[in-house]
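K.L.:
Protein chains in written order, with our numbering: chain C, 74 to 333; chain A, 74 to 333; chain Y, 74 to 333. Cβ atoms here follow ideal geometry from the backbone N, Cα and C, with glycine treated the same way. Note that the coordinates shown come from a computational prediction; the quantities given were computed from them, not determined experimentally.
1. Any beta carbon of chain C sitting closer than 7 Å to that of residue 175 of chain Y?
2. State yes or no: is the C-beta of residue 309 of chain Y within less than 7 Å of the C-beta of residue 249 of chain Y?
3. Beta carbon of residue 238 of chain C, beta carbon of residue 187 of chain C: below 7 Å?
4. Any C-beta of chain Y sitting closer than 7 Å to the C-beta of residue 138 of chain C?
5. Excluding the 5 residues preceding and the 5 following residue 18 of chain C in the sequence, name in chain order all residues of the same chain whose CB lies nearer than 6 Å to its CB.
6. Considering just the uninterrupted stretch of the alpha helix (DSSP H) at residue 228 of chain A, what are its terminal residues?
7. Against chain A, does residue 89 of chain Y count as a neighbour if the rule is that its beta carbon must be under 7 Å from one of theirs?
8. What does a CB cutoff of less than 7 Å around residue 195 of chain C pick up in its chain, not counting 5 residues either side in sequence?
9. Out of Y:254, Y:274 and Y:321, which one is the CA nearest neighbour of residue 305 of chain Y?
10. Beta-carbon of residue 315 of chain Y versus every beta-carbon of chain A: anything under 7 Å?
11. Under a CB-based cut-off of 7 Å, is residue 78 of chain Y close to chain A?
12. Hey, how far is the Cα of residue 327 of chain C from the Cα of residue 83 of chain C?
13. Reducing DSSP to helix, strand and coil, say where residue 327 of chain C ends up.
14. Given that residue 202 of chain Y touches chain C, what residues does it touch there, using C-beta distances under 7 Å?
15. With DSSP as the reference, label residue 177 of chain A as helix, strand or coil.
16. Note down, in chain order, every chain Y residue with its Cβ under 7 Å from the Cβ of residue 281 of chain C.
17. Could you check whether the Cβ of residue 74 of chain Y sits closer than 7 Å to any Cβ belonging to chain C?
18. Contact check, residue 112 of chain A vs residue 144 of chain A under 8 Å by CB: the rounded distance?
19. Taking Cβ-Cβ distances shorter than 9 Å, what residues in chain C pair up with residue 101 of chain Y?
20. So residue 201 of chain Y and residue 152 of chain Y are in contact, right, with Cβ under 8 Å, and what is the actual spacing, rounded?
21. Checking contacts by CB at 7 Å: is residue 129 of chain A closer than that to chain C?
22. So, is residue 313 of chain A buried or exposed, given that buried needs 16 or more other C-beta atoms within 10 angstroms?
23. Buried or exposed: where does residue 159 of chain C fall if 16 or more other Cβ atoms within 10 Å of its Cβ makes it buried?
24. For my contact list, residue 300 of chain C and residue 256 of chain C are in at a C-beta cut-off of 8 Å; report their separation, rounded to the angstrom.
25. Just curious, the beta strand (DSSP E) that residue 247 of chain A is in, first and last residue?
26. Which residues in chain C sit within 7 Å of residue 251 of chain A, going by Cβ to Cβ distance?
27. Against residue 105 of chain Y, what residues of chain C qualify as contacts under a CB-to-CB distance less than 8 Å, listed in chain order?
28. Nearest to residue 100 of chain Y by alpha carbon, out of C:101, C:134 and C:119?
29. Which of the three DSSP states, helix, strand or coil, is assigned to residue 236 of chain A?
30. What would DSSP say about residue 89 of chain C, mapped onto helix, strand or coil?
31. From the DSSP output, in three-state form, read off residue 221 of chain A for me.
32. In chain C, what lies closer than 8 Å to residue 232 of chain Y by C-beta?
33. Rounded to the nearest angstrom, how far is the Cβ of residue 93 of chain C from that of residue 115 of chain A, given a contact under 8 Å?
34. In chain Y, which residues lie less than 7 Å from residue 285 of chain C when you measure between Cβ atoms?
35. Under 7 Å between C-beta atoms, does residue 117 of chain C make it to chain Y?
36. What residues are listed by DSSP as bridge partners for residue 169 of chain A?
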């Protein structure tokens, strides 16, 4: 049985931005009872963008060591009906609202507990700041040795992303990164030698340098899935497709680009 | 007597932004003589916005454990006449310019010392970068066990905010957060069941979900004071009020919203 | 011989921004094998702006203690021909692409090794994310005691900045900071009492307060070089000069401002 210990790490993913004191308040709450290192993953998730957060959880959190506690506060329903949860998956802990932020990371085996017992909350819980009054407290409880069943009863997760669960043999644009690259969830192994997206068929290249500056390039991204970029440009602007757009293995090889 | 020790924490609040090396230089100076953890609260205070910094000091710093050393560098008068100070209040230390950034946190009992002795400065002090050459040095002195009277003589603080000290029974918009929410300094206990702001009377609700999307909602915020938001929108844009605007308990109950 | 140890520090300078999981992934990779503290210098280098990164390396990194490991990932050529390197200079380590980011910090004595051996890389290296799969791995190798010659063979650095190496007696605008200040590489000791830039001759003042609000002010900046600012304004907008513009000692004293 995995137990987080005083040697574990706490990471933070929020949409709080960095202009205010919200993130600092969470760090202060954690520091009040543990020296566990707190690592910022990002506080610049676009406001209320659950799918953006879910992709970061899927790709960044997995690089951390087993036992890491990831706190994810992108929570448009704070103060309402959604359930705050502790999730255990891939030998990591995840803490946040059950609204889809854990959709990718819980595709396989996982366990979840509702955060319901007072031990995992501040004595007074602000209806608008569960990051400080619930999730940071829960993180320090796990970091100091509590088992997750001290948070509350076992629950099944209900949060989903707009595009549901991926079907084998197809993918979607699930993330648009800082550089305007379109990141899909289509694994390289299912893509063959070319994909179609936004009405275009694009051959899969090895590196950016396989194409001219300003041209579209499709390649296996750092998450092991198909990505579409523009060399020294922005693919989101050029292709004009949004998240959720289908990325399908092409039936026939493209004539537009190099093969691997 | 409170003494900061090697187990304490140093936090940073600046308006340096994150594009340059200023924040890194401060962290380097601290790391040269102590392993004390350094925690970023924010570096995105709007340039020279003393009141913005003061609110973050008031709300985020208090969550940290006793003995924490908070370094606050929002300092339009750097190199000029204002005094750099070490402040002790609420069993925390605060280091920065005496220009109003400590206005809220020093409303009650506090002590202050001017930073004047060479021990609390670099051998050569740049006129434009006291964050590195004065305040970071002062922080590492306290973190490694110096008493604050080694910084310089006791002084009375003179820095103020534009709206001075709050009078009982009234409040003002003192902060506009990342989400466009208007944060006042009117404590919930003085607000009754409704407030007036910007010519409107608004009943105090429990949660965002008490109102429709796009509507104004007034509630007790995470600082324990009255806040005005727009559900899934920006109250600053909708109401058009600026910081300093009065937020007063309403004489008669509003007919515009739910009661608690 | 300098050896980084488990007590060293790792710093990060990237152009990854903070919206995605890239930085978090690098931190996770490092945390998997060492408790070495990781300190963010900046992730907001403008995309692919090698010169911007080089200036931050020159000015922020030197404040850290000897043995610090600085990871610099501003890497427009990732996946192509440029060489990833470990550099030792000024008793610090620097890790990143050999594309000019280390130009200033290697002006004096330094040594460099290509990162070529598998020990300094992930088992599978993504062509687009060497920050995670090469440079973060290299950092944790050094942090846990590896000598840099375990990375690969000694190499000479070839990366340069557009303006080459500075000649004695002249300088250039090499950085424009968050506040719009023009930062030159002209040392104070070579500037005399006035400089010419953008067709104007400007006397060197002591502090911002030597000039009126909105006026140009030239002074010795925090790096010990000449800077040009506008008091409570932006010098980049007012003067309209770009990086690379010459900043020369003036032949005759200016009549435009105060002397020191």
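P.N.:
If we stick to the structure as given:
1. No, because no Cβ of chain C sits closer than 7 Å to the Cβ of residue 175 of chain Y.
2. Cβ distance < 7 Å, so residue 309 of chain Y and residue 249 of chain Y count as in contact.
3. Taking 7 Å as the Cβ cut-off, residue 238 of chain C and residue 187 of chain C do not qualify as a contacting pair.
4. Chain Y contact via Cβ: present.
5. As shown, chain C starts at 74 and ends at 333. That puts residue 18 of chain C outside it, with no answer to give.
6. Where residue 228 of chain A is concerned, there is no enclosing alpha helix (DSSP H), given that its DSSP letter is neither H nor E.
7. Not closer than 7 Å to any Cβ of chain A, the Cβ of residue 89 of chain Y fails to qualify, so no.
8. Contacts found: 206 and 210.
9. The residue from Y:254, Y:274 and Y:321 with its alpha-carbon nearest to that of residue 305 of chain Y is Y:254.
10. Output row for residue 315 of chain Y: interface = no.
11. Because residue 78 of chain Y sits at a pLDDT of 49, beneath the cut-off of 50, its placement in the model cannot be relied upon, and the point is left open.
12. Note that residue 327 of chain C scores 47 on pLDDT, short of 50, meaning its location in the model is unreliable; the coordinates nonetheless yield the value given after this. C-alpha of residue 327 of chain C to C-alpha of residue 83 of chain C: approximately 45 Å in a straight line.
13. With a pLDDT of only 47 at residue 327 of chain C, under the threshold of 50, the placement of this residue in the model should not be trusted; the figure read from the coordinates follows. Note: residue 327 of chain C maps to coil in three-state DSSP.
14. Simply 295.
15. When DSSP states are grouped into helix, strand and coil, residue 177 of chain A belongs to the coil group.
16. Under the 7 Å cutoff, chain Y gives 152.
17. Confidence in residue 74 of chain Y is poor, its pLDDT being 43 and thus under 50, which makes the residue's placement too unreliable to answer from.
18. Not quite, the Cβ-Cβ distance comes to about 10 Å (not below 8 Å), so this is no contact.
19. Residues of chain C passing the Cβ test: 82, 84, 112, 114, 133, 134, 135, 136, 137, 138 and 141.
20. With 8 Å as the limit, residue 201 of chain Y and residue 152 of chain Y qualify as a contact, their Cβ atoms being about 6 Å apart.
21. So, interface residue.
22. Only exposed fits residue 313 of chain A, as fewer than 16 other CB atoms lie within 10 angstroms of its CB.
23. By the 10 Å Cβ count, residue 159 of chain C comes out buried.
24. Indeed, because the Cβ distance is near 5 Å, the residues count as touching under 8 Å.
25. It spans 244–249 - the beta strand (DSSP E) in which residue 247 of chain A sits, taken as one unbroken run.
26. Ordered by position in chain C, the residues that pass the 7 Å Cβ test against residue 251 of chain A are 89, 90, 92 and 93.
27. The answer, in chain order, is 136, 137 and 138.
28. Checked all of C:101, C:134 and C:119; the closest Cα to residue 100 of chain Y is C:134.
29. Coil, per DSSP.
30. In the structure shown, residue 89 of chain C sits in coil (DSSP, three-state: anything other than H, G, I, E or B).
31. Of the three classes helix, strand and coil, the one that applies to residue 221 of chain A here is helix, per DSSP.
32. Those do not exist, as residue 232 of chain Y stays about 17 Å from chain C at its closest Cβ, beyond 8 Å.
33. At roughly 7 Å, the Cβ-Cβ gap stays under 8 Å, so residue 93 of chain C and residue 115 of chain A are in contact.
34. None at all; the shortest Cβ gap to chain Y is about 14 Å.
35. The beta carbon of residue 117 of chain C sits closer than 7 Å to some beta carbon of chain Y.
36. For residue 169 of chain A, which the question treats as bridged, DSSP gives the partners A:158.
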